[in-house]
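In the numbering used here, the protein residues as written are 9 to 301.
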């Protein structure tokens, strides 16, 4: 028979044991059950996970280079212009973007915090758009005491439509481009980079080469355009400008769908003038893929 003096202690002990069991069941067991279930994170969206897997090949050279070193040792600019003969530029290529370019470029100058305006052009063909951008940039640079640099990224192997239309001028595109640039006296402004946009992006990210403006006018297929948007948007400095040609639902639906999706997912508005789209970056600083991995 239990002593009456111990009954209160027995009751308290039983109550404490019950509380402990309930605590373990509610918090510990349920917690382990919760963690055993898959948790859907916002960044599990394929659009954003794609940004984290842009490149699989590591940087071959991790040495940081300033622009002068990059131009000389990577782009090899001094060697490019040797033995190039001047030739009058043929008036073909993109030209409808020029009015909108003239309207938006001053905004880039207004927000620039450095003495150089750097433009990366994806797809230069014969150089018509390259020359127009260079001239407009130089005109504004005179007023603000800045310099202009245009990195022309292209393989100069043309696009499918040029071969399908049996174009005869595509066999010497690179030579034609260089001759036109030299004819216009822009060899100190234009820096040819003979790589595909995706391969060039790998190099830019490795060496931390950023841009004030990126103009996209290469392949107009959806997969290519969306990849280029992913690769080059981080390279833009805060409030930098994305522009591109080929915003035409009938002729280039891939470009339209890619720009619309990128705008929606990144919450960045865009506008279209004729066939040219434009989009300003937010205040996020430039970032480089290899710094995040």
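Beta carbons are placed, not taken as given, at the ideal position from N, Cα and C, and that holds for glycine.
Quantities reported herein were computed from a predicted structural model and do not represent experimental measurements.
Taking one beta carbon from each stretch, the region 110-120 and the region 206-214 have fewer than 3 pairs nearer than 8 Å; the two do not touch. Using a C-beta cut-off of 8 Å, the region 218-233 makes no contact with the region 71-81, since fewer than three inter-stretch Cβ pairs fall below that distance.
If one requires a minimum length of 3 residues, the beta strand (DSSP E) runs lying completely within the region 177-209 are 198-201, in chain order.
Taking a contact as a CB-CB distance under 8 Å, the pair residue 247 and residue 288 counts as one, their CB atoms being some 6 Å apart. Taking a C-beta distance under 9 Å as the contact criterion, residue 91 and residue 130 do not qualify as a contact pair. Burial check for residue 68: the Cβ neighbour count within 10 Å stays below 16, so the residue is exposed. The alpha carbon of residue 251 has as its nearest neighbour, out of 137, 258, 293, the alpha carbon of 137.
Below 8 Å, too few C-beta pairs join the region 189-199 and the region 52-64 to call them touching: fewer than three. For residue 52, the closest C-alpha among the options 298, 295, 273, 142 is that of 273. Rounded to the nearest whole angstrom, the C-alpha separation of residue 276 and residue 241 is 11 Å. Around the Cβ of residue 165, a 10 Å sphere holds fewer than 16 other Cβ atoms; the residue is exposed. Only exposed fits residue 268, as fewer than 16 other CB atoms lie within 10 angstroms of its CB.
Closest in C-alpha terms to residue 231, from the list 292, 202, 254, 263, comes 263. As computed with DSSP, residue 155 is found in a beta bridge with 124.
For residue 53, there is no enclosing alpha helix (DSSP H), as DSSP gives it neither H nor E. Residue 246: member of the beta strand (DSSP E) spanning 244-253, first to last residue.
Counting every other CB atom within 10 Å of its CB across the protein chains shown gives residue 184 a total of 16 or more, marking it as buried. Rounded to whole angstroms, residue 278 and residue 255 show a C-alpha spacing of 11 Å. Ranking 283, 292, 201, 271 by CA distance to the CA of residue 80 puts 201 first. The closest CA to that of residue 128, considering only 205, 297, 180, 188, is found on 205. Contact between residue 188 and residue 135 holds: CB atoms are separated by about 4 Å, below the 8 Å threshold. Within the same chain, and ignoring the five residues on either side of residue 238 in sequence, the residues whose Cβ sits closer than 7 Å to its Cβ are 58, 59, 62.
In this model, residue 299 and residue 66 are separated by some 12 Å (Cα to Cα). In summary, residue 111 is exposed, with fewer than 16 beta-carbon neighbours lying within 10 Å of its beta-carbon over all protein chains present.
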